[in-house]
Amino acid sequence: MNYQLNSVNLIYDAEKEGGTTALRDVTLSFDGKGLIGIQGPSGSGKSSLLYTMAGLKRPTSGQVFYGDMDLSTMPVSELASLRRRDFGFIFQQHFLINYMTVLENALVPLNMNNKTVKKKAMDFFERLGIAQYANKYPFQLSGGQRQRAAIVRALMNDPKVIFGDEPTAALDHESAREVMELLSEYTGNTMVVIVTHDEGLLENANRIIYVRDGEIIRQSEPGQEVSQ
Amino acid sequence: MRPLSTATYFLRNKRKLLSNMIIIIVAICLVYIMECFIASIVQSIYPLDATRFEHASIIVTTENTPEISQEILSSLDESENIDSVIPVTVKQIIFSVPGSTTHAAVFAAAPDDLPYLINNFQINVVDGRLPESGTDEIAIDDNVAKNNGLQIGSQTSIDVSHGLDRQYIVVGILDSESHVSFIGSPMPTDNLLKYDEKGYIAFHAAGRSTQAENEVAALSGQGLNVWTLARYEKLYATNNQTFQILDMVVVLSIIVMVVCLVCSKYAQFFSRKSEIGILSALGYTRREITIRTFREVVITNLVGFIIGLGLAVFLCKIVVSAAFSSIGGTDVYLNGKAALLSLLAPVLTTVFTLLPVNRLINKVDAITIVTSN
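Line order of the protein sequences matches chains L and A.
Under the working numbering, the first residue of the first sequence is numbered 21, with each subsequent residue one higher.
Under the working numbering, the first residue of the second sequence is numbered 43, with each subsequent residue one higher.
Shown next as structure tokens:
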């Protein structure tokens, strides 16, 4: 599904004097597939851009279209349902629920527990090398193992868009590459949007967006560089 | 089990569930047992005092009016509201249950009047016989006998301030709703009777109890001590205020328990803020999260209530029965009011947990949670 951001501005505490501008007049469009990287220094607005695209932040002005749906005006409950149906999230921290097993955590977005979904989760666990921890609790796992479980959770609902905010920050370089390879497999039909400091992880990216002070300063695509 | 089902949460948080339930169960048991205790006192004392006045009113002489005039007796005899007026010696015997003490009626009457009294107070002689006239014998009400540890052949103790002023030998056990006992002496004609021991029982004519009571009650204006059901109920209502205060204490203790429970539950939900945030970020609506919370709270309280009520009835059967039945009182272990008051604890806990938790769910910002370190 196409993604379109039209003149998006995001100002924190906009109602107060001297609000902080996180995004400034951002206009972007995506064709709904491929690996999209977002890069920029700390506090540049990378995560704000990601979460605005994901409907977790509402722009102060401008429009965010997902297909023909305007996320900037969509009611909160519909937005939530859309996130659950079409989006997958990998956050900087795993945010697994501690009293559930790793397998149950992976099933949270679906809230189902039948053989099919369990097998699907186990296949992902296998792929990420944590199958033996499926019935353990998150606090029994290392940081990297937890993050992998969180990645499986993001893939369980066959999302049309996967949003990753520094998803490999807790992983060593090798594990991070494995995760990126796994995510790359989805880019044929899925749009994977990744915020990362590690440019090396974006070597297979179809497009990299560079953000500074809330503005898109540069975009690069394989074989060409596009400035906004 | 679905990962977000209530069963999964309970299964993975058994300790929390247990600690919440134990508080509810203890609260329900305390409230229920206390209420049943109060109900048992009321049910033990009220019938003992009041039921006889449903059949008759009792007129007792006083220091100012030591004799009832013939004129009064004639007017009562002729009244269509009064079936019969029987002269009696009025005595009493102590009856105590935990939390309250009263006196049960003991009468002596002429041998010719006894069958009428037995018949009109609907008394059955369940064991032994009625007392011989002029003897120190007593046929005692079954409950009163149990309360005083008496059986056929045993002797009553002398306790002038609380009951009989001489020893009587128990010759019969009586059973009636009126809880009336009979002694063989002193007879109503005895000149040595004190002013407050001489009396008349005025039996109401069928269907004219109210008129009879009004007619007899008017005699109190002539210096006589007149006991009717209306007077007793007025007195009982005054004494009942003690029980109302106890009820208020019960309600207050429920409120204290609810406050403690709500604080503890809110703390539990507050510690699940990041869970609420992440579910919201993953696409669960506030309504879905609230419903999930609602289920957890309601099921905890409902199951706690059912277990608590069952346990409370069981404990009541043991504790209250031992305290009341064994001494001739009435044990109440199934009580609607007690169940209703017990229900207050889980209902208030549910309401006052859900209100702030719902506010918490609405306030939790998914983005703040997922971007926090």
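For every residue, glycine included, the Cβ atom is placed at its ideal position computed from N, Cα and C.
Check: Contact list for the segment 163–187 of chain L against chain A, Cβ threshold 7 Å; Outcome: none
Check: Endpoints, the beta strand (DSSP E) within which residue 9 of chain L is located; Outcome: Here chain L comprises residues numbered 21 to 248, so residue 9 of chain L is not present and cannot be evaluated.
Check: Proximity to residue 153 of chain A [Cα-Cα], best of A/91, A/401, A/168 and A/176; Outcome: A/176
Check: Presumed contact (8 Å Cβ cut-off) between residue 128 of chain A and residue 159 of chain A, rounded CB distance; Outcome: 6 Å
Check: C-beta neighbour in chain L for residue 363 of chain A, strict 8 Å; Outcome: no
Check: Heavy atom of the ligand NAP within 7 Å of residue 66 of chain L beta-carbon; Outcome: In the structure shown, the ligand NAP is absent, as is every other ligand, since no ligand is present at all.
Check: Cβ neighbour criterion (16 or more within 10 Å) applied to residue 240 of chain A; Outcome: buried
Check: 8 Å Cβ cutoff, residue 128 of chain L in contact with chain B; Outcome: Among the protein chains in the structure shown, which are L and A, there is no chain B.
Check: Own chain residues within Cβ distance below 8 Å of residue 140 of chain L, not counting five before or after; Outcome: 176
Check: Length of the line joining the Cα atoms of residue 337 of chain A and residue 45 of chain A; Outcome: 14 Å
Check: Interface partners of residue 44 of chain A on chain L, CB under 7 Å; Outcome: 131, 132 and 133
Check: Segments of 4+ residues assigned as alpha helix (DSSP H) that fall wholly inside the segment 112–184 of chain A; Outcome: 112–120 and 156–162
Check: Contact the segment 91–106 of chain L vs the segment 337–354 of chain A: 3+ CB pairs below 8 Å; Outcome: no
Check: N- and C-terminal bounds of the alpha helix (DSSP H) containing residue 62 of chain A; Outcome: 56–92
Check: Residue 215 of chain L (DSSP reduced to helix, strand or coil); Outcome: strand
Check: Chain L within 8 Å of residue 219 of chain A, Cβ atoms only; Outcome: no
Check: Cβ distance (whole Å) where residue 82 of chain A is taken to contact residue 407 of chain A below 8 Å; Outcome: Residue 82 of chain A to residue 407 of chain A, Cβ: 55 Å. No contact.
Check: Proximity of residue 102 of chain A and residue 171 of chain A at Cβ, strictly below 8 Å; Outcome: no
Check: Strand pairing of residue 89 of chain L, partner residues [DSSP]; Outcome: L/86
Check: C-alpha gap between residue 280 of chain A and residue 313 of chain A, whole angstroms; Outcome: 51 Å
Check: Per DSSP, cross-strand counterpart(s) of residue 41 of chain L; Outcome: L/31
Check: Min CB distance residue 403 of chain A to chain L below 8 Å; Outcome: no
Check: Buried versus exposed, by CB contacts within 10 Å (16 or more), residue 237 of chain L; Outcome: exposed
Check: Enclosing alpha helix (DSSP H) for residue 320 of chain A [first to last residue]; Outcome: 315–324
Check: Residue 131 of chain A and residue 230 of chain A closer than 8 Å at C-beta; Outcome: yes
Check: Residue 114 of chain L, buried or exposed, once every other Cβ within 10 Å from all chains shown has been counted against 16; Outcome: buried
Check: Cβ-Cβ distance between residue 90 of chain A and residue 137 of chain A below 8 Å; Outcome: yes
Check: Collapsed DSSP secondary structure at residue 240 of chain A in the structure displayed; Outcome: strand
Check: Contact between the segment 209–222 of chain L and the segment 67–78 of chain L (3+ Cβ pairs under 8 Å); Outcome: yes
Check: Nearest-angstrom Cβ-Cβ length linking residue 92 of chain L and residue 84 of chain L, presumed shorter than 8 Å; Outcome: 5 Å
Check: Under 8 Å by beta carbon: chain A residues contacting residue 119 of chain L; Outcome: 51, 54 and 55
Check: Neighbourhood of residue 297 of chain A by C-beta distance below 7 Å, restricted to the same chain and skipping five residues each side; Outcome: none
Check: Residues within the segment 298–328 of chain A neighbouring chain L, beta-carbon criterion of under 9 Å; Outcome: 314, 316, 317, 319, 320, 321, 322, 323, 324, 325, 326, 327 and 328
Check: Touching by the beta-carbon criterion (3+ pairs, under 8 Å), the segment 131–147 of chain L and the segment 340–359 of chain A; Outcome: no
Check: Within-8 Å CB hit, residue 381 of chain A to chain L; Outcome: no
Check: Where residue 413 of chain A meets chain L, residues with beta-carbon distance less than 9 Å; Outcome: 67, 71, 111, 112 and 185
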